[in-house]
Amino acid sequence: MILGIESTAHTFGIGVVNNGKVLSNVRNMYTTEKGGIIPIESAKHHDECAAGVFEKALADAKVSQEQICAIAISQAPGLAPCLLEGMRFAKKKAKELNVPIIPVNHCVSHLEIGKLTGAIDPVLLYASGANTQIIAYAAGKYRVFGETLDIGIGNFIDTFARYIGIGFPGGPKIMELAKTGKYIEIPYSIKGMDVAFSGLLTNLKQKFDKGEKIEDLSYSLQETAFAMLVEASERALAHTGKKELLLGGGVACNTRLQEMCRIMCEERGCKFFVPENSLLVDNGAMIAFLGEIEFNSGIKVDVKDFDKLDINPRERTDMVDVKWRS
Ligand code: ATP
Ligand code: FE2
Numbered sequence: 225m226i227l228g229i230e231s232t233a234h235t236f237g238i239g240v241v242n243n244g245k246v247l248s249n250v251r252n253m254y255t256t257e258k259g260g261i262i263p264i265e266s267a268k269h270h271d272e273c274a275a276g277v278f279e280k281a282l283a284d285a286k287v288s289q290e291q292i293c294a295i296a297i298s299q300a301p302g303l304a305p306c307l308l309e310g311m312r313f314a315k316k317k318a319k320e321l322n323v324p325i326i327p328v329n330h331c332v333s334h335l336e337i338g339k340l341t342g343a344i345d346p347v348l349l350y351a352s353g354a355n356t357q358i359i360a361y362a363a364g365k366y367r368v369f370g371e372t373l374d375i376g377i378g379n380f381i382d383t384f385a386r387y388i389g390i391g392f393p394g395g396p397k398i399m400e401l402a403k404t405g406k407y408i409e410i411p412y413s414i415k416g417m418d419v420a421f422s423g424l425l426t427n428l429k430q431k432f433d434k435g436e437k438i439e440d441l442s443y444s445l446q447e448t449a450f451a452m453l454v455e456a457s458e459r460a461l462a463h464t465g466k467k468e469l470l471l472g473g474g475v476a477c478n479t480r481l482q483e484m485c486r487i488m489c490e491e492r493g494c495k496f497f498v499p500e501n502s503l504l505v506d507n508g509a510m511i512a513f514l515g516e517i518e519f520n521s522g523i524k525v526d527v528k529d530f531d532k533l534d535i536n537p538r539e540r541t542d543m544v545d546v547k548w549r550s
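Residue numbering for the sequence shown is 225 to 550, as defined by my numbering.
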């Protein structure tokens with residue numbers, strides 16, 4: 225029984241996993257009506273909801289805390305105050321239960337959880353708030369084949385949403401607005417397998433200031449930004465010769481993005497995989513899931529070494545040694 229804790233940004237989540245099976249997945253998200261995330265406020269939110277989320281995750285999984293044999297924690301990357309809060313809570317619980325901690329890279333867990341869908345060796349389109357990367361496994365590491373050159377797709381969408389006054393997170397609201405919009409031309413920005421969003425953001429803001437309808441802007445944002453992601457992913461599939469595309473990250477909840485990826489895969493004769501929404505957004509189950517895989521390959525930190533265990537806000541996907549795969 226592995227318990228996983230997620231706390232890299234806005235979400236505090238705890239999941240319990242046993243033998244690759246998700247037994248529970250409880251989340252509590254810090255949201256705002258208008259502005260964006262304030263890291264200190266989000267960390268405070270995590271502190272306040274941690275005990276309750278912990279209780280519910282155990283209850284939902286129908287296990288007692290004595291059955292937990294290790295605690296996995298999202299150690300990297302993320303907002304330092306939020307990571308620290310998660311680490312503090314993990315150490316406290318792990319000491320109480322006298323179990324080791326398994327440090328997990330959040331981005332890699334978004335990727336690994338895709339195994340539950342049946343993907344074996346996919347190209348991953350990782351589209352979340354802070355990250356937009358096209359990743360595939362090669363020679364001991366998850367290599368980044370393409371990525372955003374400026375902001376993440378989710379942050380791009382959220383920033384625009386904030387600009388037009390619809391709060392955080394913006395993704396789901398933009399998706400709704402887009403349903404009744406029509407296309408207005410906005411810049412399309414891709415270089416090889418890399419993409420960039422800040423030009424689109426400026427352009428959309430200017431169009432909003434000129435009085436264009438938010439439905440049309442939302443639709444055009446999605447069609448353009450997602451087409452860039454699909455084009456970069458297709459290039460990565462061609463380049464690596466892999467035959468599977470997997471979606472990950474919160475923006476992957478977007479049904480239009482899923483549809484565009486599915487069509488591209490059908491046309492290329494590739495398989496398309498997307499986990500359910502509760503496993504796409506930030507969640508504790510994916511941390512527990514990768515935690516268990518790492519634990520089984522001997523990765524853990526015992527209670528006596530907790531002093532040396534720290535957060536790692538800037539660790540990149542391709543810095544992680546994938547010791548559990550060969
Ligand atoms: P990272 O994984 O890079 O640290 P994160 O933790 O902020 O980023 P996730 O929880 O994976 O990211 O995703 C959050 C993002 O997903 C937000 O930007 C939110 O707007 C976006 N999102 C959620 N649902 C949708 C949707 N239906 N359409 C588009 N975006 C969505
Ligand atoms: Fe995430």
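For glycine and all other residues, C-beta sits at the position ideal for the given N, C-alpha and C. Small disclaimer: the values here were computed from a predicted structure and weren't measured.
Backbone secondary structure at residue i - three-state DSSP
i    : result
G370 : strand
Y412 : coil
L563 : Here the chain has residues from 225 to 550 only, and residue 563 is not among them.
L441 : helix
G259 : coil
M253 : strand
T404 : coil
G423 : helix
V525 : strand
I535 : coil
V546 : coil
H234 : coil
D284 : helix
E290 : helix
E436 : coil
L481 : helix
R540 : coil
V505 : coil
H461 : Note that residue 461 is Leu in the sequence shown, not His. In the structure shown, L461 sits in a helix (DSSP, three-state: H, G or I).
G611 : The requested residue 611 does not occur in the structure, where the chain is confined to residues 225 to 550.
L428 : helix
Contact set for residue i: own chain, Cβ-Cβ below 6 Å, skip 5 residues either direction
i    : result
A444 : First, the amino acid is wrong: residue 444 is Ser here, not Ala. These residues qualify, in order along the chain: Y407, I408, I410.
M399 : N478
K495 : E468
I390 : K397
A402 : S442, Y443, Q446
Sheet register partners of residue i (DSSP bridge)
i    : result
G389 : G389 is not bridged to any residue.
S248 : V240
D418 : K415
S298 : V328
F496 : L469
G228 : G239, A296
Spatial neighbours of residue i in its chain, beta-carbon cut-off 8 Å, leaving aside the 5 residues before and after
i    : result
L308 : A267, I535
N174 : The requested residue 174 does not occur in the structure, where the chain is confined to residues 225 to 550.
H463 : F369, M417
R386 : K258, G259, G260, F392, G394
E458 : M488, R492
I264 : P305
Nonlocal neighbours in the same chain, by C-beta distance under 7 Å from residue i, ignoring five residues either side
i    : result
D284 : S248, V250
V454 : M484, C485, M488
is_contact[residue i, chain B] using C-beta, thresh 8 Å
i    : result
H270 : Structure shown: chain B not included; a single protein chain is present.
Any non-hydrogen atom of the ligand HEM closer than 7 Å to residue i Cβ
i    : result
D542 : Although the ligand HEM was asked about, the structure shown includes only the ligand ATP and the ligand FE2 as ligands.
Inset, instruction - Tell me, please, whether the region 287-300 touches the region 318-327 by the rule of three or more beta-carbon pairs shorter than 8 Å. - result: yes
Inset, instruction - Within the region 308-389, note down every full alpha helix (DSSP H) run reaching 4 residues or more, in order along the chain. - result: 330-336, 377-387
Legend entry - Any 3 or more C-beta pairs closer than 8 Å across the region 297-304 and the region 524-538: yes
Legend entry - Cβ contact check for the region 246-266 and the region 522-532: 3 or more pairs under 8 Å: no
Legend entry - Segment contact flag, the region 484-493 with the region 271-288, C-beta cutoff 8 Å, min 3 pairs: no
Inset, instruction - Could you say if the region 344-361 and the region 372-387 meet the contact criterion of at least three C-beta pairs nearer than 8 Å? - result: yes
Inset, instruction - Count the C-beta pairs between the region 425-440 and the region 327-338 that are closer than 8 Å, then say yes if the count reaches three, no if not. - result: no
Inset, instruction - Determine contact between the region 233-240 and the region 501-519, defined as no fewer than three beta-carbon pairs at a distance below 8 Å. - result: yes
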